[in-house]
Ligand code: GLV
Ligand code: MN
Ligand code: MN
């Protein structure tokens, strides 16, 4: 089989998708179920149809583009990722796995390959937690890790429920229809940029992921006392933002003190109410994102944060409410899928290293229902979730070729 990646087409599609964005280039912002997201989805659908794939969409907007195998009843092989992008993101996160996946399928078709197992390209809905506070919404529901009842309780910052937003976006049908039967996929493999610096530093073109770290996300609301910035004396204050500042530093300290490089914690949002120069903050809402490859260690950090919150609440006489939005378990990648990626690397004499994914991905949830693994390509300086995210054309083509080979092996 003579597999050739059409690098120019793939790069031009990555650029075309980056132009469907709510941010000034080079930044990309594409929040789930906005008009921009829907435009990107329609664009992808037409690319898939042009490639001869049969496209269907489930009630949460997960999209499946299928290439029927010679044994259409056999479990399928899946690949794909997400296209939603956090505010002020770059153009490769998730997109590489979707468009690289599409090009891998096209390359296999051009080479005359006929799969026995159907091969499906997946676009997952809302891998990013930006709008509904919870990451991997689509893959969480596919794998039944988020129930329809729990999903129906989700709302965005403007108070619009997921149910309303998805219906307005044209996603129809009951959420009960989203979860996939175990055994639907024979294997799932996701191509992604590393989002860290190790491959670049070691000049290795491919990372074969063996374990995926898992996040816990807490929403923390601190209620103090507001008032006039001139009139209320310092001794009489219960400033919610000062309490938040103390808690944010405690969160950082707790993660630093875990003793493991894989433990990380981030406070990435912090809303201050009422938000006036001359008004003492009465309420602060923030989020803490805590991750680790080890579940017990991650959960110990969460407990330490809850303890710090109780202490700050007592000493500063403010109310602190902590709600865990999700607390997921890390996943091991599947040896058969890992081996398929490694064989593809060997075939093309690409050097590779096994690695851990410290970012989470839809693969974390796909691994609950299918043998799953991921492959990473380098990205410049490890930058991601920022506009100067960059992966070289050569690395993109190499990763896509390895993916195509792995899909051929898994679907034969
Ligand atoms: C995914 O974008 C993550 O936050 O790891
Ligand atoms: Mn991301
Ligand atoms: Mn991603």
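In my numbering, the protein residues as written are 624 to 1035.
Beta carbons: idealized from backbone N, C-alpha and C, even for Gly.
Quick caveat, the model's predicted, so the values are computed rather than measured.
Subject >> Proximal residues to residue 701 (C-beta, below 6 Å), its chain only, five neighbours per side dropped >> reply: 743, 745, 808, 811
**OP:** May I ask you to verify whether the stretch 841 to 854 touches the stretch 987 to 995, counting CB pairs closer than 8 Å and requiring at least 3?
**Re:** no
Original post:
Just to check, is the beta-carbon of residue 750 closer than 7 Å to a non-hydrogen atom of ligand 1?
Top reply: yes
Subject >> Pairwise C-alpha distance: residue 930 and residue 695 >> reply: 54 Å
Original post:
Closest to residue 666 by CA distance: which of 637, 891, 689 is it?
Top reply: 637
Subject >> C-alpha distance - residue 688 paired with residue 626, whole-angstrom precision >> reply: 21 Å
**OP:** Would you check if the stretch 948 to 956 and the stretch 851 to 868 touch, i.e. whether three or more CB-CB distances between them fall below 8 Å?
**Re:** These segments do not touch.
Original post:
So who's on the other strand from residue 902, going by DSSP bridges?
Top reply: DSSP lists 851 as partners of residue 902.
Original post:
Okay, do the stretch 877 to 885 and the stretch 918 to 934 touch, 3+ Cβ pairs below 8 Å being the bar?
Top reply: yes
Original post:
Under the criterion of a Cβ to heavy atom distance below 7 Å, does residue 830 qualify as lining ligand 5?
Top reply: Annotation note on ligand 5: not contained in the displayed structure, which lists ligand 1, ligand 2 and ligand 3 as its ligands.
Original post:
Candidates 947, 821, 792, 734: which alpha carbon is nearest residue 681's?
Top reply: Closest in alpha carbon position to residue 681, among 947, 821, 792, 734, is 792.
Original post:
Looking only at C-alpha atoms, which of 840, 998, 917 sits nearest to residue 817?
Top reply: Nearest to residue 817 by alpha-carbon distance, out of 840, 998, 917, is 998.
Original post:
From residue 1032 to residue 963, what distance separates their C-alpha atoms?
Top reply: 7 Å
Subject >> C-beta atoms of residue 955 and residue 834 nearer than 8 Å >> reply: yes
Original post:
Using 8 Å as the Cβ pair cut-off and three pairs as the minimum, do the stretch 720 to 728 and the stretch 646 to 660 touch?
Top reply: no
**OP:** Rounded to whole angstroms, what's the CA-CA distance from residue 765 to residue 803? Just pull it up for me.
**Re:** 5 Å
**OP:** Inspect the beta-carbon positions of residue 1037 and residue 1009 and report whether they are closer than 8 Å.
**Re:** Because the chain here runs from 624 to 1035, residue 1037 falls outside it and cannot be looked at.
Subject >> Heavy atom of ligand 1 within 7 Å of residue 713 beta-carbon >> reply: In terms of side-chain proximity, the C-beta atom of residue 713 is found no nearer than 7 Å to any non-hydrogen atom of ligand 1.
Original post:
Given that a residue counts as buried once 16 or more other Cβ atoms are within 10 Å of its Cβ, and exposed if not, what is residue 643?
Top reply: buried
Original post:
Is DSSP giving residue 784 helix, strand or coil here?
Top reply: strand
Original post:
Would the beta-carbon of residue 716 be found less than 7 Å away from any heavy atom of ligand 3?
Top reply: Residue 716 Cβ: within cutoff of ligand 3.
Original post:
Measuring CB to CB, does residue 1030 end up less than 8 Å from residue 971?
Top reply: no
Subject >> Cβ neighbour criterion (16 or more within 10 Å) applied to residue 703 >> reply: Of the other Cβ atoms in all chains shown, 16 or more fall within 10 Å of the Cβ of residue 703; this residue is therefore buried.
Original post:
Roughly how many angstroms lie between the CA atoms of residue 749 and residue 1026, to the nearest whole one?
Top reply: 23 Å
Subject >> Contact under 8 Å by Cβ, residue 676 with residue 719 >> reply: no
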